[in-house]
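Visitor:
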Amino acid sequence: SQQGEEDPQALSIQEGENATMNCSYKTSINNLQWYRQNSGRGLVHLILIRSNEREKHSGRLRVTLDTSKKSSSLLITASRAADTASYFCATDFAGTYKYIFGTGTRLKVLA
Amino acid sequence: GAGVSQTPSNKVTEKGKYVELRCDPISGHTALYWYRQSLGQGPEFLIYFQGTGAADDSGLPNDRFFAVRPEGSVSTLKIQRTERGDSAVYLCASSLKGHTLHFGNGTRLTVT
């Protein structure tokens with residue numbers, strides 16, 4: 001079963017624009033992570049935000065977390081064609097080390 | 001050092017056959033995870049190990065699926081009596097202390 005749901009399911013933007021994707025989850029968590037996947041194979045970790053943090057930055061990435069709403073958002077600023085990929089959130093299930101992934105957002109950045 | 005290695009990268013088998021998928025984690029990583037991913041879906045949790053023991057196997061779909069990690073390093077996912085519905089990409093990830101997951105490139109299983 002999927003704990004998280006991302007929206008939108010798909011997003012198409014022009015190079016240079018910002019991309020925002022959202023993740024909602026169901027149970028209490030210790031941390032939430034965002035991953036990127038190219039070509040349907042291995043996932044690459046992007047950023048981790050702990051439950052006591054509200055915002056975190058890494059390069060062109062900005063992640064927010066609202067534990068009261070059980071939701072997170074990932075913002076990619078000044079997008080590039082190379083950012084084209086699927087993006088997934090993952091949460092530790094009820095504070096364990098069992099990580100459950102969401103359904104993903106497919107981002108397409110047009111050059 | 002080397003990343004997570006999964007073999008084979010592709011496996012085609014006939015319905016009813018037995019398959020084994022192998023995962024070599026990053027050296028020293030105590031946690032090891034197996035996920036299954038179908039086209040257009042997110043990774044679906046199957047099982048994770050802490051050391052040699054399965055800490056949570058609640059995602060294994062039925063008793064045809066079994067995974068082992070006898071020495072706390074390499075893991076094998078075993079599927080008996082394969083069915084066409086088992087076709088998917090099987091992803092393995094390892095982690096130090098269960099935080100950031102490092103994924104392999106997966107094994108694409110096709111059951112004909």
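Protein sequences, first through last, are from chains G and E.
Count the first sequence with my numbering and you get residues 1 to 111, in order.
Count the second sequence with my numbering and you get residues 1 to 112, in order.
Glycine residues also receive a C-beta, built at the ideal position from the N, C-alpha and C atoms.
1) Just to confirm, does G53/E get its C-beta within under 6 Å of one of the non-hydrogen atoms of the ligand GDP?
2) I think Q80/E touches R64/E, with their Cβ atoms under 8 Å apart; what is that distance to the nearest whole Å?
3) Let me confirm a value: D86/E is counted as buried when at least 16 other C-beta atoms fall within 10 Å, else exposed. Which label applies?
4) Are the beta-carbon atoms of R106/G and S86/G separated by less than 7 Å?
5) Would you kindly work out how many angstroms separate the C-alpha atoms of G16/E and T77/G, rounded to a whole number?
6) I'd like the span of the beta strand (DSSP E) that includes V63/G, first residue to last.
7) Give the DSSP bridge partners of T53/E, in chain order.
8) Taking C-beta to C-beta, are E5/G and S79/G nearer than 7 Å?
9) When you compare the CB positions of S72/G and C89/G, do they come within less than 7 Å of one another, or not?
10) In the structure shown, what three-state DSSP assignment does R84/E receive?
11) Please return the same chain residues whose Cβ sits closer than 6 Å to the Cβ of E20/E, not counting the five positions on each side in sequence.
12) Could you run through the region 42 to 59 of chain G and flag, in chain order, every residue whose CB is less than 9 Å away from some CB of chain E?
13) Can you have a look at R84/E and say buried or exposed, based on whether 16 or more other CB atoms are within 10 angstroms of its CB?
14) Leaving out the 5 sequence neighbours to the left and right, which residues in its chain are closer than 6 Å to R50/G when beta-carbon positions are compared?
15) Can you pull the chain E residues whose beta carbon is under 8 Å from the beta carbon of I100/G, in chain order?
16) Could you tell me whether the Cβ of T103/G comes closer than 7 Å to any Cβ of chain E?
Guide: Considering the structure as presented:
1) No copy of the ligand GDP appears in this structure; indeed no ligand is present at all.
2) 5 Å
3) buried
4) yes
5) 49 Å
6) According to the DSSP assignment, V63/G belongs to the beta strand (DSSP E) that extends over L61 to D66.
7) A small correction: the amino acid at residue 53/E is Gly; Thr does not occupy that position in the sequence shown. For G53/E, which the question treats as bridged, DSSP gives the partners Q50/E.
8) no
9) yes
10) helix
11) T76 and K78
12) G42, L43, V44, H45 and L48
13) exposed
14) N31
15) F45
16) The C-beta of T103/G comes closer than 7 Å to at least one C-beta of chain E.
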